[in-house]
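K.L.:
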Amino acid sequence: MDQLPVEISQRIRHEARVAGLREARAPSIEMVERRRMQLWFLTVVIVIVLGLATLVASWSAGTVLVTGEPWILRAAVAALGLGFCVYAVEKEIHLHRLSRLLVDERILNSAMAHRLQMNAALFNAGKALNSVLDLDDVLDAILANALDLLGGATGSVMLVEDEESLRVVAVRGSRLARDAKVKLGESIAGRVAKSREPLLISGVVAPTDYPGYEDREHTTASAMCVPLVNRGQLLGVLNISAYSERDFDEHDLQVLSLFAEPVAAAIAKAGLYEAERAHVAQLLDSDRMKTQFVASVSHELRTPITSIRGAVSASRRQITPEQRVELLEVIERQSLRLQSMVEEIFTAAKMEEDGNRPLLRRIDLAALVRLAALDSQVAGRPVEVEAPTTCEVRADPEAVRRIVGNLIENGHKYGDAPVRITVQPTEGQVVLSVVDHGAGVPAEVREKIFERFYRMDPNGTKPGMGLGLAIVRGLVESCGGSVWVEDAPGGGAAFRVALRTGAIEESSREVAHVG
Amino acid sequence: MSGKPRVLIVDDEPDVLLTLRMILEAEGFDPALAADGETALRRIDDESPDLVVLDIMMPVLDGWFVLAELAGRSHRPGVVVCSAKSSDTDRNRAMELSADEYVTKPFEPDHLVSVIRAVLSRRSGAARV
């Protein structure tokens, strides 16, 4: 409703004209009352004057003053008085109509102003929703508009945290703790979230209904809470409460329900935006790591090729037979290195495939670790081992060999020799620890280092392609175990691998038989 | 320049050191080896080689440090940077740090030998002038 009905305006003008207020362009109730007072005052005066005139006429009948028949005079005066009374009553009827029309007009004006105010508040809420993508800002703007329009003192938005609770994400006008949690079904918000029905509370509200409140300065007199639903999904609730000077009614609840719509839309939109942003960030991160991977692989391939080409070139020159043997060894060593790199890339790619299940069987982890340590010692990379004589785990021996090998290599790459390995059986599992003497792994990258292509040394002063630890995690998880890194006592990094000792599951056993 | 030109090969990869040493020896140079930047600087101070074949990515002190250190000296050996880093940024950085040539791994050994000869000849020519 943007305009007053034309019909009322026309009738007001008509009645004003008929009631003798034609000079007033916008008659008011006060003017009507004044006019009515004037009319009745005039009527009374005229009646009195005419009455007195009749009396005087009767008293002086037959005197020199009045000649002829006195009843004619009396009848004339009475007719005059009656005529004026009819006139006054007719005016009074119009003034009464005008007065009622003006009251209607005032009510309509007030309703229209309220509606305009509400539309403006909703428009602002919508504007906030469209102009700000940050959810906190959107919710704050919408809360501010709702409080302003409804005359509320405090407001909050709570979102569904999980299947059992709501979390406060926006607060205005109170010290209600942000991030405070409310259980579904409990308190006002929890009850509304569960029933999905708006709730209006009039009268003093019990403090226990507002969890998170601390030493409130005012007494809440009235409160409203509406559910936030988007496409049939409950997202949270919107709360508004007022102090003693304000008492909400059903109409206010309806208005608040109108606000719930943009709030729910904002939350849904912000959720989508956040998910999209996280996805883009993930893609960019992945893209960056892949670029780094290509650089690392290219660099890693260049080094053995340089040695092989150098050896071939040197062998064509005048060299001793001993030198020739040495060069052949260089070629063999470096081609093996290339082969192992290709295998590493292949293993990392294979781990992406579904259904790539290792052959789980009972193996002696202690024996495998000693063997890996020996291989490392032979290659000039010392390893200290502390393990029981035998220690059975349920794993794929080839996977464990690679896990231990990669962790030893990693330890030597990032720390001084020797690398220390311990094998500790505990309840239902065995923990293998590979401890180096390096600078350790900062807490913020302890998860990242297990991602493919991630390198702690992006400038590439250390050799590697960023696949070693990703392969470790993939293989450990394929054996049903877990791997993590922590600070080693006394400095350095301690990579821990937990492998299970339990019985082999039927499915794994079958795979093993087939294999 | 009298006798064989002395060339210090600096690389953390043992097989690169081994093959380059054989090639340079066969080509009439007097090669010496260093597997990190610190050893390289020490051998440069002690033995004053005519030329250094310098890798960039090395432990202890990397090739950038060695280059920067040599760039500040008035009498310094010729430097041929020999690295797997192939970007223009790395090449420009090395040239700004007064490297004489930049060869990217993997390289043709004969090409490296000719680059080494060219740098030595350029430097001896400049010294005579």
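These protein sequence lines are chains A and B, in that order. Each residue of the first sequence is one higher than the last, beginning at 34 in the working numbering. Each residue of the second sequence is one higher than the last, beginning at 37 in the working numbering. C-beta: ideal position from N, C-alpha, C; glycine also. From a predicted model like this one, the values you see are computed outputs, not experimental measurements.
1) Quick one: Cα of Glu-137 of chain B to Cα of Val-151 of chain B, how far?
2) How big is the Cα-Cα spacing for Ala-299 of chain A and Met-64 of chain A?
3) Residues of the segment 49-81 of chain B with a CB closer than 8 Å to any CB of chain A: list them in chain order, please.
4) Starting from the beta carbon of Phe-101 of chain B, find every residue of chain A whose beta carbon is closer than 7 Å, and list them in chain order.
5) On a CA-only basis, which of A:Arg-67, A:Ile-341, A:Pro-354, A:Arg-506 is nearest Phe-143 of chain B? Give me that one, please.
6) In the segment 101-123 of chain B, which residues sit with their C-beta less than 8 Å from some C-beta in chain A, listed in chain order?
7) Give a yes or no on contact between the segment 367-380 of chain A and the segment 393-405 of chain A, applying the rule of three or more CB pairs nearer than 8 Å.
8) Do you know how far the Cα of Gly-114 of chain B is from the Cα of Leu-156 of chain B?
9) Name the residues in the segment 331-351 of chain A whose C-beta lies less than 7 Å from a C-beta of chain B; which are they?
10) Determine the extent of the alpha helix (DSSP H) in which Leu-90 of chain B is found, giving its start and end residues.
11) Flag Pro-41 of chain B as yes if its beta-carbon sits less than 8 Å from any beta-carbon of chain A, otherwise no.
12) Can you round the beta-carbon distance between Leu-172 of chain A and Leu-199 of chain A to whole angstroms, since I take them to be within the 8 Å contact cut?
13) Does the beta carbon of Leu-365 of chain A come closer than 8 Å to any beta carbon on chain B?
14) With DSSP as the reference, please indicate the residues paired to Phe-528 of chain A in a beta bridge.
15) I want to verify the contact list: residues of chain A whose CB lies under 9 Å from the CB of Asp-146 of chain B, in sequence order.
16) DSSP three-state call for Ile-79 of chain A: helix, strand or coil?
17) At what residue ranges does the segment 368-415 of chain A contain a whole run of the alpha helix (DSSP H), taking only runs of 4 or more?
18) Can you tell me which of B:Arg-109, B:Ala-130, B:Val-149, B:Val-116 puts its alpha carbon nearest to the alpha carbon of Asp-81 of chain B?
19) So who's on the other strand from Lys-214 of chain A, going by DSSP bridges?
20) Is Met-257 of chain A helix, strand or coil when you go by DSSP?
21) For the beta strand (DSSP E) that contains Ser-189 of chain A, what are its first and last residues?
22) Under the rule that 16 or more other beta-carbon atoms within 10 Å means buried, what is Thr-87 of chain A, buried or exposed?
23) Does Tyr-487 of chain A come out as helix, strand or coil in the three-state DSSP assignment?
24) Roughly how many angstroms separate the alpha carbons of Val-296 of chain A and Val-259 of chain A, rounded to a whole number?
25) At what residues does the beta strand (DSSP E) containing Ala-52 of chain A begin and finish?
26) Does DSSP put Leu-233 of chain A in a helix, a strand or coil?
27) Please go through the same chain and pick out, in chain order, the residues whose beta-carbon is closer than 7 Å to the beta-carbon of Ala-52 of chain A, but skip the five residues on each side of it.
28) Give a yes or no on whether the C-beta atoms belonging to Ala-226 of chain A and Val-202 of chain A are separated by under 8 Å.
29) With a threshold of 8 Å, are at least 3 pairs of Cβ atoms found where one atom belongs to the segment 496-506 of chain A and the other to the segment 420-440 of chain A?
30) Name the DSSP beta bridge partners of Thr-324 of chain A, please?
31) Identify the continuous beta strand (DSSP E) that holds Ile-59 of chain B and give its terminal residues.
32) Which term fits Ile-59 of chain B, buried or exposed, when burial requires 16 or more other beta carbons within 10 angstroms of its beta carbon?
33) Distance check for Val-418 of chain A and Ser-515 of chain A, CA to CA, integer angstroms please.
34) To which residues does DSSP link Pro-67 of chain B through a beta bridge?
35) Tell me, which residues are paired with Tyr-138 of chain B by DSSP?
36) Identify, in the order they occur along the chain, each residue of the same chain with its Cβ nearer than 7 Å to the Cβ of Gly-64 of chain B, setting aside the five sequence neighbours on each side.
P.N.:
Judging by the given coordinates:
1) As a working note, residue 137 of chain B is residue 101 in the second sequence. As a working note, residue 151 of chain B is residue 115 in the second sequence. Rounded to the nearest angstrom, the two C-alpha atoms are 8 Å apart.
2) Numbered from 1 along the first sequence, position 266 holds the residue referred to as residue 299 of chain A. Numbered from 1 along the first sequence, position 31 holds the residue referred to as residue 64 of chain A. The C-alpha of Ala-299 of chain A lies about 50 Å from the C-alpha of Met-64 of chain A.
3) From the segment 49-81 of chain B, only Glu-49, Asp-51, Val-52, Leu-54, Thr-55, Leu-56, Met-58, Ile-59, Ala-62, Glu-63 have a Cβ closer than 8 Å to chain A.
4) Reading the second sequence from its first residue, position 65 is the one you call residue 101 of chain B. Proximity of chain A to Phe-101 of chain B at the Cβ level (cut-off 7 Å) is not reached, the minimal Cβ distance being about 11 Å.
5) Taking the first residue of the second sequence as position 1, residue 143 of chain B is located at position 107. Residue A:Ile-341 holds the alpha-carbon nearest to the alpha-carbon of Phe-143 of chain B among A:Arg-67, A:Ile-341, A:Pro-354, A:Arg-506.
6) Residues Ala-120, Lys-121, Ser-122.
7) Contact fails between the segment 367-380 of chain A and the segment 393-405 of chain A, because fewer than three Cβ pairs, one in each stretch, are under 8 Å apart.
8) By 1-based counting over the second sequence, the position of residue 156 of chain B is 120. By 1-based counting over the second sequence, the position of residue 114 of chain B is 78. Taking the CA atoms as reference points, Leu-156 of chain B sits about 7 Å from Gly-114 of chain B.
9) Taking 7 Å as the Cβ-Cβ cut-off, the segment 331-351 of chain A approaches chain B at His-332, Arg-335, Thr-336, Ile-338, Thr-339, Ser-340, Arg-342, Gly-343, Ala-344, Ser-346, Ala-347, Arg-350, Gln-351, given in chain order.
10) Taking the first residue of the second sequence as position 1, residue 90 of chain B is located at position 54. For Leu-90 of chain B, there is no enclosing alpha helix (DSSP H); the residue is found in the beta strand (DSSP E) stretching over 87-90.
11) Start at 1 with the first residue of the second sequence, and residue 41 of chain B comes out as number 5. Pro-41 of chain B does not count as touching chain A.
12) By one-based count along the first sequence, residue 172 of chain A stands at place 139. By one-based count along the first sequence, residue 199 of chain A stands at place 166. In this structure, Leu-172 of chain A and Leu-199 of chain A do not form a Cβ contact; the two beta carbons are roughly 14 Å apart against a cut-off of 8 Å.
13) Locating residue 365 of chain A in the first sequence gives position 332, where the first residue counts as 1. Residue 365 of chain A is actually Glu in this sequence, not Leu. Answer no: the Cβ-Cβ gap between Glu-365 of chain A and chain B never drops below 8 Å.
14) Position 495 of the first sequence, counting from 1, holds the residue named residue 528 of chain A. Beta-bridge pairing links Phe-528 of chain A to A:Val-467, A:Val-518.
15) On the second sequence, residue 146 of chain B is found 110 positions in, with the first residue counted as 1. The answer, in chain order, is Ser-346.
16) What you label residue 79 of chain A is simply residue 46 of the first sequence in a count that begins at 1. Three-state DSSP puts Ile-79 of chain A in a helix.
17) With a minimum length of 4 residues, the unbroken runs of alpha helix (DSSP H) contained wholly in the segment 368-415 of chain A fall at 398-411.
18) Taking the first residue of the second sequence as 1, we reach residue 81 of chain B at position 45. The shortest C-alpha separation from Asp-81 of chain B is found at B:Arg-109.
19) On the first sequence, residue 214 of chain A is found 181 positions in, with the first residue counted as 1. According to DSSP, Lys-214 of chain A shares a beta bridge with A:Arg-200.
20) By 1-based counting over the first sequence, the position of residue 257 of chain A is 224. In the displayed model, Met-257 of chain A falls within a strand according to three-state DSSP.
21) Counting from one through the first sequence, the residue named residue 189 of chain A turns up at place 156. Note, Ser-189 of chain A: beta strand (DSSP E), 187-193.
22) In the first sequence, the residue the question calls residue 87 of chain A occupies position 54. A residue is called buried when at least 16 other Cβ atoms come within 10 angstroms of its Cβ; Thr-87 of chain A meets this threshold and is buried.
23) The sequence position of residue 487 of chain A within the first sequence is 454, counting from 1. In the displayed model, Tyr-487 of chain A falls within coil according to three-state DSSP, outside both helix and strand.
24) As a working mapping, residue 296 of chain A is identified with position 263 in the first sequence. As a working mapping, residue 259 of chain A is identified with position 226 in the first sequence. When rounded, the distance between both Cα atoms is 11 Å.
25) Within the first sequence, the letter at position 19 stands for residue 52 of chain A. Here Ala-52 of chain A belongs to no beta strand (DSSP E), and DSSP marks it neither H nor E.
26) In the first sequence, counting from the first residue as 1, residue 233 of chain A sits at position 200. Leu-233 of chain A: strand per DSSP, three-state reduction.
27) Residue numbering aside, residue 52 of chain A sits at position 19 when the first sequence is read from its first letter. Result list for Ala-52 of chain A: Arg-68, Lys-124, His-127, Leu-128, Leu-131, in chain order.
28) Working through the first sequence from its first residue, we reach residue 226 of chain A at position 193. Working through the first sequence from its first residue, we reach residue 202 of chain A at position 169. Contact: no.
29) Contact between the segment 496-506 of chain A and the segment 420-440 of chain A is present, because at least three Cβ pairs lie under 8 Å.
30) Along the first sequence, read from residue 1 onward, the residue named residue 324 of chain A stands at position 291. DSSP links Thr-324 of chain A through a beta bridge to no other residue.
31) Here residue 59 of chain B refers to the residue found at position 23 when the second sequence is read from its first residue. Not the beta strand (DSSP E): Ile-59 of chain B falls in the alpha helix (DSSP H), residues 50-62.
32) Residue mapping note: residue 59 of chain B aligns to position 23 of the second sequence, counting from 1. Burial state of Ile-59 of chain B is buried, judged by a 10 Å Cβ sphere holding 16 or more other Cβ atoms.
33) Indexing the first sequence from 1 puts residue 515 of chain A at position 482. Indexing the first sequence from 1 puts residue 418 of chain A at position 385. Rounded to the nearest whole angstrom, the C-alpha separation of Ser-515 of chain A and Val-418 of chain A is 21 Å.
34) Against the second sequence, residue 67 of chain B aligns to sequence position 31. Beta-bridge pairing links Pro-67 of chain B to B:Val-43.
35) Position 102 of the second sequence, counted from the start, is the residue given in the question as residue 138 of chain B. The beta-bridge partner set that DSSP reports for Tyr-138 of chain B consists of B:Val-117.
36) The residue labelled residue 64 of chain B in the question sits at position 28 within the second sequence. Cβ neighbours of Gly-64 of chain B beyond the five flanking positions: Lys-40.
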